[in-house]
Amino acid sequence: KNRCDLQTIGVFLFTRWVGVFLFALLYLAALELYDVLPHGVTAGFFGLSVVVTAVYLTGVQRCIIALRPVRPTICSIYHPDFWSAERIWKVHPIHYLHTFDGTPFKNLLWRLMGVRVGRRVFDDGAHISEPTLTAIGDESVLNYRSKIQCHSQEDGTFKCDRTAVGAGCTIGVGAFVLYGVTMGDGSVLAADSFLMKGEYVPAHARWGGNPAREM
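Numbering (this note's numbering), first residue to last: 59 to 273.
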């Protein structure tokens, strides 16, 4: 476990260092071109730095997932499968992804990380901890500070499973969705609700509360 944690620290520091290096290269290139077209270079630098950083961080996350994919499992917290999942959480670029909350670009970045995101999904600030285990249908709404977490730790045991959100669903502000959940098309989870593991929300139903039940 200690060796795995040290590897995770190394991966985090190295990937962030490379990100800073890329940013510095863009900055130096902008300085070289500044005398030629100052206003255009300034705007281009800020726009390009945002795009490059986003694509880089999501690409790093996707590579880490590809090296040791997270699959539905039940194991001890002392098992390497848990440690690899833990690495994904620790290197997760969610804080940077929040830059794109409320824009179509957030969906593109989720797809880069492995989330199966449908068309016209509105994400106003959701957090998805296991991208490759999450599916979101067309025209769904993920509100501010909502969270889809495809795992839990119970009595020293790590449990992980897929979660599927159907088309036209709404996950309310601050709502929490655990693993093994299926939300039928058009269903709604009210704000600040906690949807327990393994729940099935029927199509067009409205659930809420902690634990969430039909309203």
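Quick reminder that beta carbons are idealized off the backbone N, C-alpha and C, glycines included.
Next on the checklist: On the DSSP letters alone, give me the boundaries of the beta strand (DSSP E) that A193 sits inside.
Outcome noted: 192–194
Checklist entry - Counting along the chain, where does the beta strand (DSSP E) carrying S142 start and finish? => result Looking at the DSSP string, S142 is not in any beta strand (DSSP E); the run it does join, the alpha helix (DSSP H), is 138–149.
Next on the checklist: Suppose the cutoff is 6 angstroms on Cβ atoms and the five residues either side in sequence are ignored; what does the same chain contact list for G256 look like?
Outcome noted: G238
Checklist entry - If we count the other Cβ atoms within 10 Å of its Cβ and call it buried at 16 or more, is L236 buried or exposed? => result buried
Next on the checklist: Tell me the residue span of the beta strand (DSSP E) that contains T161.
Outcome noted: No beta strand (DSSP E) holds T161; DSSP gives it neither H nor E.
Next on the checklist: For the beta strand (DSSP E) containing A222, name the first residue and the last one.
Outcome noted: 221–223
Checklist entry - Considering only residues of the same chain and omitting the five flanking positions on each side of Y92, which have a CB-CB separation below 8 angstroms? => result V99, T100
Checklist entry - Exposed or buried, which one is L134 when buried takes at least 16 other CB atoms within 10 Å? => result Reading the sequence as shown, one finds Ser at residue 134 and not Leu. Under this definition S134 is an exposed residue.
Checklist entry - What did DSSP end up calling Q207 once you bin it into helix, strand or coil? => result coil
Checklist entry - Once you ignore the five residues that flank Q65 on each side, which residues in its own chain have a CB closer than 6 angstroms to its CB? => result none
Checklist entry - Should the stretch 183–190 be called in touch with the stretch 120–136, which here means at least 3 C-beta pairs below 8 angstroms? => result yes
Next on the checklist: On the CB-based measure, 16 or more other CB atoms within 10 Å of its CB, does I132 come out buried or exposed?
Outcome noted: exposed
Checklist entry - S142 to G242, Cα distance in whole Å? => result 31 angstroms
Checklist entry - Looking at C-alpha atoms only, which residue of L86, E144, D63 is the closest neighbour of Q211? => result E144
Checklist entry - Alpha carbon to alpha carbon, what distance is there between R74 and D250? => result 33 angstroms
Item to check | Neighbour-count burial assignment, C121, 16 or more Cβ in a 10 Å radius | outcome: exposed
Checklist entry - Are the CB atoms of F234 and Q207 nearer to each other than 8 angstroms? => result yes
Checklist entry - Does the beta-carbon distance from F280 to L84 come in below 8 angstroms? => result Outside the displayed span of the chain (59 to 273) sits residue 280, for which this structure offers no information.
Checklist entry - Which whole-angstrom value describes the C-beta separation of A184 and S204, a residue pair presumed to lie in contact below a C-beta threshold of 8 angstroms? => result 5 angstroms
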